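The block underneath contains the structure these notes are about, expressed in structure tokens.
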Amino acid sequence: MQAYRQPSVYVDVPPPTYTISRVPPPTSLSTTKENDPSWRLSNATMEDSTASSSLKRKLSYVEHPLQPFMAVMKKPKLVPDPAIPAGSEVTANSYIYCHQCGKKRDKEDSAHCSHIEVHSVAKDRPAKTRRCHNKYCKPCLKNRYNEDLDTIKANSATSSAQSDRIGESYDYKCPKCRDICNCSRCRKAKGLDPTGKFANSTNAPADKKPKPPADGVAKADEAKAKRTARPKAKLNGPLPTLKWTKLHSNLTVEDAEARFHIREFVLRFFSKALPKAHLDELEQINGNGRNRYDDDEIIPWVSEACLKSILLAFLAVLAEEETNDTIKKAIQMGSKELRAAGVGLSKMWQILSSLRDALDASEPDTGDDAASEESDTIPSFPDPAPLPDSAINNSRRTRSAGSMIVDTVQMIPVILGLIDAVVESTIIRAEIDKGAKESKDVAREVKDATRNANDRWEKAKKETENINEQQVTISAQVLIACILTLSR
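In the working numbering, the protein residues as written are 1019 to 1506.
Next comes the structure, spelled out in structure tokens:
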């Protein structure tokens, strides 16, 4: 019997005469309620935008009472501050930093030395005369030197003293020029210990007069006086002896202090401007044993790259703080040349020497009254340290200054001179004031925490004593009850 196969039939279906729109219905992804007027306005806007794509960018909304709800918040434009009028009394140099205490003081409550000092930068260069930059505040003049500020400013300059003074209308020679300054830096330079706070300082607490106590307070004091104070426990035995490890070093005390000073200053104010590798080099005060000579006359210091980073960081601060355009351009040009140069010490000193000559030429004449406003941040640095006789054969002489630069140790006096100028800048002074404020805040927080801990301890102690007294009372009552029971 054969199987019958049903034939397959294919039908050609014609396309429909109408098109179905595939545009989905407008939906909103926002969480706004349907009865909110802003939701209706947004849906109406969506329908208009989908109806005609060609008019999407040209769609303009009509005035609608709900339009403020759909307004887009724009970023407000910064209105420049009104310029300070020319006759205003507000000036940028309305304060100074006292040479004695280092605090920020009002310029009117301080005395600025009006005498000229002779500053020699090198043996083969002429001496440089400029006005003394030292300023002393009113409290330091009174407490440290027993001098009155009003008397100093009342001392008008005579015609005979005009040759050796400039600047202010009064004639005043500061304690440093008279070689009697007792600040910590001047005494340290003379090899003396700092004097510390004086007894007549304004910060010393005044003697408080006892107030007459009230009747209730007097009785409470009498009751407290009857209580005998417990003697404090004394420490038995001697204090532990500190063990010091002696490290071998051929550095003198002055050389070691100079290296410590540079390290502390750079780590405090320029830790973010220098690479970590260069900061680690400053930790090696003895040079990590990297001595290129057989003798010990030159103790190695940091590398040439580290020295270059320090110089660039110092010059950047000096250029930013300088207000004189001529001096600022000279410092910026020197920084640009130093950055483009390599790590050769001779080339570095050649650039710094040219910068020093340019700064000396741009400074105003000391005979002019404009020199009284001379900037304290103008760098003035000496020549590099001389080279020992044993290392002269291994060195090269620079073409400009005639100095023999073979190691970064010779540039330490130059770095110290730049530090004296950088420390007078506004940025560094602001950091010093900020650190002093933070130290005071930390000390106050520690004091408050100690007081709170003592209060909690006294409270817990009283609660413990009350509990013990209650337990003793209960025990005594139980004991008395037992005795009475047994006696019956």
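Glycine is no exception: its CB is placed at the ideal position from the N, C-alpha and C atoms. Keep in mind that this is a model prediction, so the values were computed, not measured.
**Asked** With DSSP run on the structure shown, which of helix, strand or coil describes Cys1155?
**Response** Reading the sequence shown from its first residue, position 137 is the one you call residue 1155. In the structure shown, Cys1155 sits in a strand (DSSP, three-state: E or B).
**Request:** Can you give me the start and stop residues for the alpha helix (DSSP H) that Asp1002 sits inside?
**Result:** The chain is shown only over 1019 to 1506; residue 1002 falls outside these bounds and no answer can be derived.
**Prompt:** CB-CB under 7 Å to Cys1158, same chain, minus the five flanking residues each way: which ones, in chain order?
**Reply:** Locating residue 1158 in the sequence shown gives position 140, where the first residue counts as 1. Result list for Cys1158: Cys1116, Gln1118 and Cys1119, in chain order.
**Message:** Counting C-beta neighbours from all protein chains within 10 Å, is the total for His1266 16 or more, i.e. buried, or is it exposed?
**Reply:** In the sequence shown, counting from the first residue as 1, residue 1266 sits at position 248. Exposed: under 16 other Cβ atoms inside 10 Å.
**Asked** Could one say the Cβ of Ile1114 lies closer than 8 Å to chain C's Cβ atoms, at least one of them?
**Response** Chain labels in this structure do not include chain C; a single protein chain is all it has.
**Message:** Excluding the 5 residues flanking Ile1303 on each side, which residues of the same chain have their C-beta closer than 6 Å to its C-beta?
**Reply:** Here residue 1303 refers to the residue found at position 285 when the sequence shown is read from its first residue. These residues qualify, in order along the chain: Arg1277.
**Prompt:** Should Leu1497 go down as buried or exposed, given a rule of 16 or more other Cβ atoms within 10 Å for buried?
**Reply:** What you label residue 1497 is simply residue 479 of the sequence shown in a count that begins at 1. By the neighbour-count rule (16 or more Cβ atoms within 10 Å), Leu1497 is not buried but exposed.
**Asked** From Cys1195 to Asn1472, what does the alpha carbon distance come to, in whole angstroms?
**Response** Indexing the sequence shown from 1 puts residue 1195 at position 177. Indexing the sequence shown from 1 puts residue 1472 at position 454. Going by the C-alpha atoms only, they are around 51 Å apart.
**Reference Leu1285; option with closest CA among Glu1275, Asp1273 and Leu1300** = If you number the sequence shown from 1, residue 1285 lands on position 267. Ranking Glu1275, Asp1273 and Leu1300 by Cα distance to Leu1285 puts Leu1300 first.
**Request:** Pull up the distance between the alpha-carbon of Arg1281 and that of Lys1477, whole angstroms please.
**Result:** Translated into the one-based positions of the sequence shown, residue 1281 becomes position 263. Translated into the one-based positions of the sequence shown, residue 1477 becomes position 459. The alpha-carbon atoms of Arg1281 and Lys1477 are separated by roughly 48 Å.
**Request:** Could you name the residues of the same chain whose beta carbon sits closer than 6 Å to that of Cys1324, not counting the 5 residues immediately before and after it, in chain order?
**Result:** For this step, residue 1324 is matched to residue 306 along the sequence shown. The answer, listed in chain order, is His1296 and Glu1299.
**Request:** For my contact list, Lys1191 and Cys1131 are in at a C-beta cut-off of 8 Å; report their separation, rounded to the angstrom.
**Result:** Numbered from 1 along the sequence shown, position 173 holds the residue referred to as residue 1191. Numbered from 1 along the sequence shown, position 113 holds the residue referred to as residue 1131. That belief holds up - the Cβ atoms of Lys1191 and Cys1131 are roughly 6 Å apart, short of 8 Å.
**Request:** Pick out whichever of Lys1171, Ser1128 and Asp1168 has its Cα sitting closest to the Cα of Tyr1154.
**Result:** In the sequence shown, the residue the question calls residue 1154 occupies position 136. The shortest Cα separation from Tyr1154 among Lys1171, Ser1128 and Asp1168 belongs to Ser1128.
**Item:** Helix, strand or coil at Glu1107 [DSSP, three-state]
**Value:** Taking the sequence shown and counting its residues from 1, one reaches residue 1107 at position 89. In this prediction, Glu1107 scores a pLDDT of 46, lower than 50, which makes its location untrustworthy; the coordinate-derived value is nonetheless stated afterwards. Of the three classes helix, strand and coil, the one that applies to Glu1107 here is coil, per DSSP.
**Request:** On a CA-only basis, which of Leu1405, Val1320 and Glu1340 is nearest Thr1444? Give me that one, please.
**Result:** Walking along the sequence shown from the start, residue 1444 turns up at place 426. With distances taken between Cα atoms, Thr1444 lies closest to Glu1340.
**Item:** Cα-Cα separation, Leu1436 to Ile1170
**Value:** As a working mapping, residue 1436 is identified with position 418 in the sequence shown. As a working mapping, residue 1170 is identified with position 152 in the sequence shown. Between Leu1436 and Ile1170, the C-alpha separation is close to 32 Å.
**Message:** Counting C-beta neighbours from all protein chains within 10 Å, is the total for Ser1353 16 or more, i.e. buried, or is it exposed?
**Reply:** Along the sequence shown, one-based indexing puts residue 1353 at 335. It counts as buried.
**Beta-carbon gap between Val1440 and Ile1316 smaller than 8 Å** = Residue mapping note: residue 1440 aligns to position 422 of the sequence shown, counting from 1. Residue mapping note: residue 1316 aligns to position 298 of the sequence shown, counting from 1. No.
**Prompt:** From Val1335 to Thr1147, what does the alpha carbon distance come to, in whole angstroms?
**Reply:** Numbered from 1 along the sequence shown, position 317 holds the residue referred to as residue 1335. Numbered from 1 along the sequence shown, position 129 holds the residue referred to as residue 1147. About 25 Å.
**Message:** Assuming Ser1149 is part of the beta strand (DSSP E), what are its boundary residues?
**Reply:** As a first step, residue 1149 must be located in the sequence shown, where it is residue number 131. Position check: residue 1149 holds Arg in this sequence, whereas Ser was assumed. That run of the beta strand (DSSP E) goes Lys1146 to Arg1149.
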